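Below: the structure, in structure tokens.
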Amino acid sequence: MMELIDLSKAVKENGRYIIFGAGIAGHKIAWYLKTYVKGCNICFCDNNPQKQDRHATPPVYSLEECRTLEAVFLVGFDGNDCDKLHSVEKCLVQNNIRTDKCFWIDMELFDKSLAPRYALRFKAMEEEQKVIPNEKPLVSILIPVYNRVELVKKAVSSALKQTYPNIEIIVADNHSTDGTYEELLRVFGKNEKVRIFCNDKNIGPVGNWKVCMQHARGKYVKFLFSDDLISEKFVEKCVIALEGDSAIGMVYSACRLFSEEVPEICRELHRLYVPTGKYAKELFYWGTYAGLIDVPVSPGCALFRREDVNILTEIPNNQGVVCNRTGAGIDLLIYLHTLKKYEYFYYIDEQLAQFRYHQGSFSISENLEKEYNLAKQYFYSVNEADLYNLGVNI
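Using our numbering, you'd call the opening residue of the sequence shown number 1307 and step up by one each time.
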């Protein structure tokens, strides 16, 4: 039988300790050691492979790995739970764990001795939790809209379901005539995360994109067009990628084309068929110019740093083509200009964005090939040397 001890008598400074079990008792012990014992190195132990996590705090090791660690095991134990005691002892023996360095912790005594400290710590944690969302960078979800009174409500609701806490939703109504602005105010006007604006006149789709950008305050921006939807984890997963690596210029995900009107049209879009991760920007440029892979043109499936988003008013050309009538080509240039500044883009191999297919949607508007060809030609003409060095040719 292992000895039942008082935790405060079992530890020394600069020791390395393994806690068997990562439940409430285990976390209490870990908190105490890290807070009150100088130089303490803490790990959890769990024999369930699915629960092992090197990135957890503290990290979780398997029992098998614990054989090689010179450590004292501190095992949370309720004195009335004898079955658990024998079960744990048996498990340790079966895995050849050194029981001469294993001790039971008297949790009842532990809780009593630390009760005052717990009270102070929990109060501090409550205060920390109040400001956690604001410590995460603000993300602006931009929703330009014109005469889509019903669909835009679904888009805004989709944005509000984000698991990422620190967001603002900018809705810019382009002087709608179907009551869109009034309905948005009625439904979302009291939601502090939603900011609704209305233009004095219709300034065209690209002009309205610019209005959204002017009102955005976030470090990151994401366009959500008024007839589309996004997964509730879209922002969360994209922010992790951009925050983790300053060499990544933008993040985008695979998409889903969907329709209530024409279900048979539903299909996957912009999938690279590679694992989630960062990739050299050459791959995106090759996809754009050679068509070898399906890269996006719409920013509706991507997250950018606000400072990088460059929206042209028009694409210079001598063919008399007016691209800002639809925004076609101008949207693609947001990607191409952004990647000029960076080495990588990040791809998420999940359908986190949903593009709606319906009468009047951009997805089935008139043939826009000319506009996109103009955009590619324009970008190549001003970046020919750089693109040539990346192996990109027209």
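For each residue, glycine too, the CB sits at the ideal point set by N, CA and C.
The structure presented is a predicted model; accordingly, all values stated were derived computationally and were not measured.
If you ignore the 5 residues before and after Arg-1612, its C-beta comes within less than 8 angstroms of the C-beta of Ser-1446, Met-1519, Ala-1522, Gly-1524, Lys-1525, Tyr-1526, Val-1527, all in its own chain and listed in chain order. Around the beta-carbon of Gln-1625, fewer than 16 other beta-carbon atoms lie within 10 Å, marking it exposed. Within the same chain, and ignoring the five residues on either side of Ala-1681 in sequence, the residues whose Cβ sits closer than 6 angstroms to its Cβ are Ile-1621, Gly-1635, Leu-1638, Leu-1639. A direct Cα-Cα distance of roughly 22 angstroms separates Val-1458 from Ala-1560. The region 1475-1485 makes contact with the region 1498-1505, as at least three CB pairs between them are under 8 angstroms.
Annotated three-state conformation of Gln-1657 is strand, per DSSP.
Ile-1554 and Val-1455 have their C-alpha atoms spaced approximately 36 angstroms apart. In its chain, beyond the 5 residues on either side, Lys-1682, Val-1698, Ile-1700 have a beta carbon closer than 7 angstroms to the beta carbon of Tyr-1595. In the structure shown, Leu-1578 falls within a coil segment according to DSSP collapsed to helix, strand and coil.
Taken atom to atom, the span from the alpha-carbon of Phe-1651 to that of Gln-1660 is near 20 angstroms. The residues Val-1462, Val-1500, Ile-1502, in chain order, have a CB closer than 7 angstroms to that of Phe-1494 in the same chain once the five nearest residues on each side in sequence are set aside.
A distance below 8 angstroms separates the beta carbons of Ala-1465 and Leu-1530.
Counting every other CB atom within 10 Å of its CB across the protein chains shown gives Lys-1467 a total below 16, marking it as exposed. The beta-bridge partner set that DSSP reports for Leu-1535 consists of Gln-1660.
Where Tyr-1678 is concerned, the enclosing alpha helix (DSSP H) starts and stops at 1675-1688.
Judged by DSSP in its simplified three-state form, Asp-1637 adopts helix.
Judged by DSSP secondary structure, Tyr-1585 falls within the beta strand (DSSP E) whose first and last residues are 1583-1586. Taking 8 angstroms as the cut-off, the Cβ atoms of Tyr-1585 and Asn-1623 do not count as close. Residue state for Ile-1617 is assigned as coil, using DSSP reduced to three classes. Its chain contains Trp-1592 as the residues whose beta carbon lies nearer than 7 angstroms to that of Leu-1598, once the 5 sequence neighbours on both sides are disregarded; these appear in chain order. A Cβ-Cβ separation of about 7 angstroms places Tyr-1653 in contact with Val-1580 under the 8 angstroms criterion. A direct Cα-to-Cα measurement between Thr-1632 and Lys-1496 gives close to 32 angstroms. Straight-line spacing of the CA atoms in Val-1451 and His-1481 works out to 9 angstroms. According to the DSSP assignment, Ser-1482 belongs to no beta strand (DSSP E), since it is labelled neither H nor E. 8 angstroms or more divides the Cβ of Thr-1483 from the Cβ of Asn-1514.
DSSP lists Ala-1478 as the bridge partner or partners of Pro-1450.
The DSSP-derived three-state label of Gly-1593 is helix. DSSP places Cys-1504 in the strand class (E or B) of the three-state scheme. Ranked by Cα distance from Asn-1508, the first of Asn-1630, Tyr-1686, Leu-1563 is Asn-1630.
Secondary structure at Leu-1444: coil, using DSSP grouped into helix, strand and coil.
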